[in-house]
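Engineer: Before I ask anything, here is the structure I am working with.
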């Protein structure tokens, strides 16, 4: 299982801030998330960046036991 | 007599911060200042801007009793 | 600010649940060999350009992801302006009332050109490349800010 | 700062014989309708690029001429960036020790672009167009700063 972190609007769409999901790479973890959280989450995910730990990841990036995958929707950092 | 104000290096070259000098226009006041304060002041004056009250002036600008002429050497305002 | 320690080095990034105090960061940035200190404070402003009058903001992030990015931004600024003195970026999290600082950037440098440019780079980059989500509050409701852009990677800055 | 009154309006220019306190000006500039406050503090710096190590500066001006110009600079800034909130420029006169502020500029605006540009315009213009002479002090001596330029007229800014 890999820890998935859902931030901002992604958290809101999923209804949870984190989840542990199966998958050997980032793409498989995300597919499991869409299956669990549904269409609204899928729409947010489609517009989001995905990081593996603190760096941008691709769907192919392999994930291990202590890795975290984060779903980062578009940002509105400031004023 | 018109009040002449000498600032920064112009004050230093003249030895005084202000003087009352005769003249019907800015140029005449400055000529009187050169005569009184000498060559070193003339050298500083040659590199300076001259204001009549709070605005830039020309040698031809007429001066009256309550006017002030200021000699403003090159500036080094800040860091 | 009570939960952060003033660092002894030249970099200071922090996320704060308490009100930011820009002057703490500005005073910290003063260096004997620097003639310029530029401080940017991004304050929550009352805005009525949309349907509502905004009365407060709320910022949400992941602390480790945001701090990692802030640290990287400071390193990029230093690589672009090699003579910077102090560089600090503090971002508020949680609810921010109108006129309170949401983010403060401070940069000191020997001369003002680098200080202005690096401060501008830092705040622009915070808004583009740091994971941070803003919720806008009005009387009786709230929503995520609609002025959103995709988070950019560091090599796009 | 004890000899100046905090103004009720949006402009604040001052010359001060006492140490400048940038945070006073920064705090004054906060406005509910402004999301950006940019503060520039020009500090006396220890510099050893010439023959001496500078230990202090001394600024000399004519109060009425300098205040007149500062007031005009603020007006020009407002004419170029029409939505500025507060604009303040304070300049120290007399002796300024290393790390003390010689000049502080603060600008608030709804958005940061105008705040940064107007603050930069103000400090650049202070240095070019305000009658102000700087004397540099080292151990055992002093001299007028050699980095001098002709005072420019307002229409050249």
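Protein chains in written order, with the working numbering: chain A, 11 to 89; chain B, 11 to 89; chain C, 1086 to 1242; chain D, 1086 to 1242. Even for Gly, the Cβ is constructed at its ideal location relative to N, Cα and C.
So which of 1160(C), 1127(C) and 1213(C) has the shortest CA-CA distance to residue 8(A)?
Structural biologist: Nothing about residue 8(A) can be read from this structure; chain A reaches only from 11 to 89.
Engineer: Considering Cα atoms alone, identify which of 26(A), 34(A) and 64(A) is closest to residue 11(A).
Structural biologist: Taking the first residue of the first chain as 1, we reach residue 11(A) at position 1. Closest by alpha carbon: 34(A).
Engineer: Give the straight-line distance between the Cα atoms of residue 1233(D) and residue 84(B), rounded to the nearest whole angstrom.
Structural biologist: Walking along the fourth chain from the start, residue 1233(D) turns up at place 148. Walking along the second chain from the start, residue 84(B) turns up at place 74. The straight-line gap from Cα to Cα measures roughly 5 Å.
Engineer: I want to verify the contact list: residues of chain A whose CB lies under 8 Å from the CB of residue 1153(C), in sequence order.
Structural biologist: As a working mapping, residue 1153(C) is identified with position 68 in the third chain. Near residue 1153(C) (Cβ distances below 8 Å), the residues of chain A are 64.
Engineer: By the DSSP assignment, the beta strand (DSSP E) with residue 1127(D) in it spans what residues?
Structural biologist: For the purposes of this step, residue 1127(D) is taken as residue 42 along the fourth chain, with counting starting at 1. It spans 1121 to 1128 - the beta strand (DSSP E) in which residue 1127(D) sits, taken as one unbroken run.
Engineer: So, at 8 Å on beta carbons, what are the nonlocal neighbours of residue 1131(C) in its own chain, with the 5 sequence-adjacent residues on each side left out?
Structural biologist: Walking along the third chain from the start, residue 1131(C) turns up at place 46. The answer, listed in chain order, is 1138, 1139, 1140 and 1183.
Engineer: Quick test of the definition: if touching needs 3 or more C-beta pairs under 8 Å, does the region 51 to 59 of chain A touch the region 68 to 79 of chain A?
Structural biologist: Not touching, per the Cβ criterion.
Engineer: Assuming residue 1191(C) and residue 1110(C) form a contact by the criterion Cβ under 8 Å, report the distance between their Cβ atoms to the nearest whole angstrom.
Structural biologist: Position 106 of the third chain holds residue 1191(C). Position 25 of the third chain holds residue 1110(C). Indeed, because the Cβ distance is near 5 Å, the residues count as touching under 8 Å.
Engineer: So is residue 32(A) in contact with chain C if we call contact Cβ pairs under 8 Å?
Structural biologist: Position 22 of the first chain, counted from the start, is the residue given in the question as residue 32(A). No, because no Cβ of chain C sits closer than 8 Å to the Cβ of residue 32(A).
Engineer: Would you call the region 1109 to 1126 of chain D and the region 1188 to 1204 of chain D in contact, with 3 or more CB pairs under 8 Å?
Structural biologist: The region 1109 to 1126 of chain D vs the region 1188 to 1204 of chain D: in contact.
Engineer: So residue 1149(C) contacts chain A; which residues on that side make the cut at Cβ distance below 8 Å?
Structural biologist: Counting from 1 along the third chain, the entry for residue 1149(C) is found at position 64. Correct list: 64.
Engineer: Could you tell me whether the region 61 to 69 of chain B touches the region 16 to 36 of chain B, using the rule of 3 or more Cβ pairs below 8 Å?
Structural biologist: As far as the Cβ criterion goes, the region 61 to 69 of chain B touches the region 16 to 36 of chain B, which means the pair count is three or higher.
Engineer: At which residue ranges does the region 1135 to 1208 of chain C contain complete beta strand (DSSP E) runs of 3 or more residues, listed in the order of the chain?
Structural biologist: List check, beta strand (DSSP E) in window: 1141 to 1145, 1172 to 1177, 1179 to 1182 and 1186 to 1194.
Engineer: Taking CB distances under 8 Å as the criterion, tell me whether residue 1102(C) reaches chain A.
Structural biologist: Reading the third chain from its first residue, position 17 is the one you call residue 1102(C). With 8 Å as the cut-off, residue 1102(C) does not count as an interface residue toward chain A.
Engineer: Could you pull out every residue in the same chain whose Cβ sits closer than 8 Å to the Cβ of residue 1226(C), ignoring the five residues on either side in sequence?
Structural biologist: As a working mapping, residue 1226(C) is identified with position 141 in the third chain. Result list for residue 1226(C): 1137, in chain order.
Engineer: Return the residues of the region 1190 to 1209 of chain D that lie within a Cβ-Cβ distance of less than 7 Å from chain C, sorted by chain order.
Structural biologist: Going along the region 1190 to 1209 of chain D in chain order, one finds 1195, 1197, 1201, 1205 and 1208 with a Cβ nearer than 7 Å to chain C.
Engineer: Taking only beta-carbon atoms, is residue 1130(C) less than 8 Å away from chain D?
Structural biologist: On the third chain, residue 1130(C) is found 45 positions in, with the first residue counted as 1. Yes, its Cβ sits closer than 8 Å to a Cβ of chain D.
Engineer: Is the separation between the beta-carbon of residue 1168(D) and that of residue 1199(D) shorter than 8 Å?
Structural biologist: In the fourth chain, residue 1168(D) corresponds to position 83, counting from 1. In the fourth chain, residue 1199(D) corresponds to position 114, counting from 1. Yes.
Engineer: What does DSSP give as the partner residues of residue 1226(C) in its beta bridges?
Structural biologist: Taking the third chain and counting its residues from 1, the one referred to as residue 1226(C) is at position 141. According to DSSP, residue 1226(C) bridges with 1223(C).
Engineer: Can you name the residues that DSSP bridges to residue 60(B)?
Structural biologist: Walking along the second chain from the start, residue 60(B) turns up at place 50. According to DSSP, which records beta bridges pairwise, residue 60(B) is partnered with 81(B).
Engineer: For a cutoff of 8 Å on Cβ pairs, would you count residue 1121(C) as touching chain D?
Structural biologist: On the third chain, residue 1121(C) is found 36 positions in, with the first residue counted as 1. Yes - at least one Cβ of chain D is within 8 Å of the one on residue 1121(C).
Engineer: Of the residues 66(B), 26(B), 72(B) and 68(B), which one's Cα is nearest the Cα of residue 48(B)?
Structural biologist: The sequence position of residue 48(B) within the second chain is 38, counting from 1. Checked all of 66(B), 26(B), 72(B) and 68(B); the closest Cα to residue 48(B) is 26(B).
Engineer: Quick test of the definition: if touching needs 3 or more C-beta pairs under 8 Å, does the region 1112 to 1123 of chain D touch the region 1120 to 1131 of chain C?
Structural biologist: With a cut-off of 8 Å, the region 1120 to 1131 of chain C and the region 1112 to 1123 of chain D count as touching, because enough Cβ pairs lie within range.
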